[in-house]
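Q:
In our numbering, the protein residues as written are 77 to 406.
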């Protein structure tokens, strides 16, 4: 039997009226956005330029926030970007908790930091998807180095392929490490920062959030969720008037992961000038800690491309991404 509004006990007229109201309000909203878009862009550009001028004046004539003596915890710090960030923080005088799963690399990084910079440091083997291990990590770091006031959620898993879909195990692993791990680590270390009313959390996301391409659709989804998580955290911190800060870092392709570079070659991607060295990106983390940036895209133009393209219908945005995908493979 064909189900209709009447035999389901639904008032058809009321339902249609509600749908029309929703569509009418949506249309008015879209028209308002289109008419006001030039104003919105102008105001955004003026605000951005003003922000840049303020930062320039501060950098030339003011004093950035010192992070010397702070205790910084970096996940995925045994090698790659995490190692570069840990070293950059040690150069600033931070005491470093080197966290990861590969003991050999963790110990090497910790030893290098201790010998080179003379700060306190220790390696900790921890699975960021294991809540109990994270809780134990908090207690151990507090005892060994002090309370963590800088948290760098860098641990991540990436998979790229144009020929086959990732297995169920790989998908779950990416979600567990990239999103669940970031959430759990933040939830464990944030309360103490709130209590101290100071601290900074940096979540390492990815520029893939701006370009939803099929080659990394699961990875990009987890990184987009990290960006949302960081934004929601900032709103929460403002609501409670806390001095704790949160930054989302969204870099392009990195040269630090040989496995990713090989995957890129296999998929035919040639990122060229958009590739970034880990030690260069680490300086963006330091910049965020000194000046309290909310979001940093590297290159910064990616952020503006997303903002400006948001006005276009989905099919136009997706057509542009299709062209971009073809360009990357040339």
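By construction, the Cβ of each residue, glycine as well, lies at the ideal position given by its N, Cα and C atoms.
My assumption, with CB atoms under 8 Å, is that residue 179 sits in contact with residue 257. Please give the rounded CB distance.
A: Translated into positions along the chain shown, residue 179 becomes position 103. Translated into positions along the chain shown, residue 257 becomes position 181. At roughly 18 Å, the Cβ-Cβ gap does not stay under 8 Å, so residue 179 and residue 257 are not in contact.
Q: Please classify residue 96: is it buried, with 16 or more other beta-carbons within 10 angstroms of its beta-carbon, or exposed?
A: Position 20 of the chain shown, counted from the first residue, corresponds to residue 96. With fewer than 16 Cβ atoms within 10 Å of its Cβ, residue 96 is classed as exposed.
Q: Quick check for students: name the residue ranges of the beta strand (DSSP E) that lie wholly in the stretch 274-305, counting only runs of 3 or more.
A: The qualifying runs are 276-280.
Q: Can you give me the start and stop residues for the alpha helix (DSSP H) that residue 170 sits inside?
A: Against the chain shown, residue 170 aligns to sequence position 94. Segment: none, residue 170 is in no alpha helix (DSSP H) and carries neither H nor E.
Q: On the three-state DSSP scale, how would you describe residue 370?
A: To locate residue 370, count along the chain shown from 1; it is residue 294. Looking at residue 370 - three-state DSSP - the assignment turns out to be coil, as it is neither helix nor strand.
Q: Over the uninterrupted alpha helix (DSSP H) stretch that includes residue 198, give me the two end residues.
A: Translated into positions along the chain shown, residue 198 becomes position 122. Careful: residue 198 lies outside any alpha helix (DSSP H), inside the beta strand (DSSP E) at 197-201.
Q: Check the DSSP bridge columns for residue 322 and list the partner residues they point to.
A: In the chain shown, the residue the question calls residue 322 occupies position 246. 277, per the DSSP bridge assignment.
Q: What's the C-alpha gap between residue 351 and residue 293?
A: Here residue 351 refers to the residue found at position 275 when the chain shown is read from its first residue. Here residue 293 refers to the residue found at position 217 when the chain shown is read from its first residue. Approximately 20 Å between the Cα atoms of the pair.
Q: Nearest to residue 124 by alpha carbon, out of 389, 150 and 376?
A: Counted from its first residue, the chain shown places residue 124 at position 48. Ranking the options by Cα distance to residue 124, first place goes to 376.
Q: Around the C-beta of residue 173, are 16 or more other C-beta atoms found within 10 angstroms, so that it is buried, or is it exposed?
A: In the chain shown, counting from the first residue as 1, residue 173 sits at position 97. So residue 173 counts as buried.
Q: Do residue 254 and residue 232 have their C-beta atoms closer together than 9 Å?
A: Locating residue 254 in the chain shown gives position 178, counting from the first residue. Locating residue 232 in the chain shown gives position 156, counting from the first residue. Taking 9 Å as the Cβ cut-off, residue 254 and residue 232 qualify as a contacting pair.
Q: DSSP puts residue 229 in a beta bridge; with which residues?
A: Here residue 229 is taken as the residue at index 153 of the chain shown, counted from 1. For residue 229, which the question treats as bridged, DSSP gives the partners 279.
Q: Which residues mark the beginning and the end of the alpha helix (DSSP H) in which residue 264 is found?
A: Position 188 of the chain shown, counting from 1, holds the residue named residue 264. Note, residue 264: alpha helix (DSSP H), 258-272.
Q: Excluding five sequence neighbours on each side, which residues of the same chain lie with their C-beta closer than 7 Å to the C-beta of residue 270?
A: Position 194 of the chain shown, counting from 1, holds the residue named residue 270. Counting only Cβ-Cβ distances below 7 Å, and skipping sequence neighbours, we find 318 and 320.
Q: Taking the beta carbon of residue 211 as the centre, do at least 16 other beta carbons fall within 10 Å, making it buried, or is it exposed?
A: Locating residue 211 in the chain shown gives position 135, where the first residue counts as 1. Exposed, because fewer than 16 other Cβ atoms sit within 10 Å of the Cβ of residue 211.
Q: For residue 190, collect the residues of the same chain with a Cβ closer than 7 Å to its Cβ; drop the 5 residues on either side in sequence, then sort them by chain order.
A: Position 114 of the chain shown holds residue 190. Within the same chain, residue 190 has close Cβ partners 197.
Q: Pairing CB atoms from the stretch 297-309 with CB atoms from the stretch 242-249, are three or more of them under 8 Å?
A: Flag = no, the stretch 297-309 and the stretch 242-249 do not touch.
Q: Do you know offhand how far residue 382's Cα is from residue 219's?
A: The residue you call residue 382 lines up with position 306 of the chain shown. The residue you call residue 219 lines up with position 143 of the chain shown. Taking the straight line joining both Cα atoms gives about 44 Å.
Q: Based on the DSSP output, what are the partners of residue 148 in its beta bridges?
A: Translated into the one-based positions of the chain shown, residue 148 becomes position 72. Per DSSP, 172 and 226.
Q: Does DSSP put residue 357 in a helix, in a strand, or in coil?
A: Position 281 of the chain shown, counted from the start, is the residue given in the question as residue 357. Residue state, collapsed to three classes: helix.
Q: For residue 102, count neighbouring Cβ atoms within 10 angstroms of its own Cβ and tell me buried if that reaches 16, exposed if not.
A: What you label residue 102 is simply residue 26 of the chain shown in a count that begins at 1. Its Cβ having fewer than 16 others within 10 Å, residue 102 is exposed.
Q: In this structure, how does DSSP classify residue 93 when only helix, strand and coil are distinguished?
A: Position 17 of the chain shown holds residue 93. Three-state DSSP puts residue 93 in a helix.
Q: I'd like the span of the alpha helix (DSSP H) that includes residue 216, first residue to last.
A: Against the chain shown, residue 216 aligns to sequence position 140. Looking at the DSSP string, the run of the alpha helix (DSSP H) that includes residue 216 is 207-220.
Q: Residue 107: buried (16+ other C-beta within 10 angstroms of its C-beta) or exposed?
A: Within the chain shown, numbered from 1, the residue matching residue 107 stands at position 31. Classification of residue 107: exposed, given that the 10 Å Cβ count is below 16.
Q: Return yes when the Cβ of residue 326 is within less than 9 Å of the Cβ of residue 364, no when it is not.
A: What you label residue 364 is simply residue 288 of the chain shown in a count that begins at 1. What you label residue 326 is simply residue 250 of the chain shown in a count that begins at 1. Result no, Cβ atoms of residue 364 and residue 326 do not sit closer than 9 Å.
Q: When the Cα atoms are used, what is the spatial distance from residue 274 to residue 152?
A: As a position in the chain shown, residue 274 is number 198, starting the count at 1. As a position in the chain shown, residue 152 is number 76, starting the count at 1. Going from the Cα of residue 274 to the Cα of residue 152 covers about 24 Å.
Q: Round the Cβ separation of residue 202 and residue 209 to the nearest angstrom and send it over; I've been treating them as touching at under 8 Å.
A: Counting from 1 along the chain shown, the entry for residue 202 is found at position 126. Counting from 1 along the chain shown, the entry for residue 209 is found at position 133. At roughly 5 Å, the Cβ-Cβ gap stays under 8 Å, so residue 202 and residue 209 are in contact.
Q: Closest by CA to residue 170, which one among 193, 176, 146 and 155?
A: Position 94 of the chain shown, counted from the start, is the residue given in the question as residue 170. That would be 146, whose Cα lies nearest to the Cα of residue 170.
Q: Is the CB-CB distance between residue 259 and residue 313 below 9 Å?
A: Within the chain shown, residue 259 is the residue found at index 183, counting from 1. Within the chain shown, residue 313 is the residue found at index 237, counting from 1. Cβ distance not < 9 Å, so residue 259 and residue 313 don't count as in contact.
Q: Nearest-angstrom Cα distance between residue 79 and residue 92?
A: Residue numbering aside, residue 79 sits at position 3 when the chain shown is read from its first letter. Residue numbering aside, residue 92 sits at position 16 when the chain shown is read from its first letter. Model confidence at residue 79 stands at a pLDDT of 48, short of 50, so the residue's coordinates are unreliable; what they give is reported in the following sentence. Whole-angstrom Cα-Cα distance: 16 Å.
Q: In or out: residue 186 buried (at least 16 other Cβ within 10 Å) or exposed?
A: Along the chain shown, one-based indexing puts residue 186 at 110. Label assigned to residue 186: buried.
Q: Go ahead and label residue 195 buried or exposed: buried means 16 or more other beta carbons lie within 10 angstroms of its beta carbon, across all protein chains shown.
A: In the chain shown, counting from the first residue as 1, residue 195 sits at position 119. The residue is buried, with at least 16 neighbouring Cβ atoms inside 10 Å.
Q: What first and last residue would you give for the alpha helix (DSSP H) that runs through residue 190?
A: On the chain shown, position 114 is the one that residue 190 refers to. Unbroken alpha helix (DSSP H) run through residue 190: 179-193.
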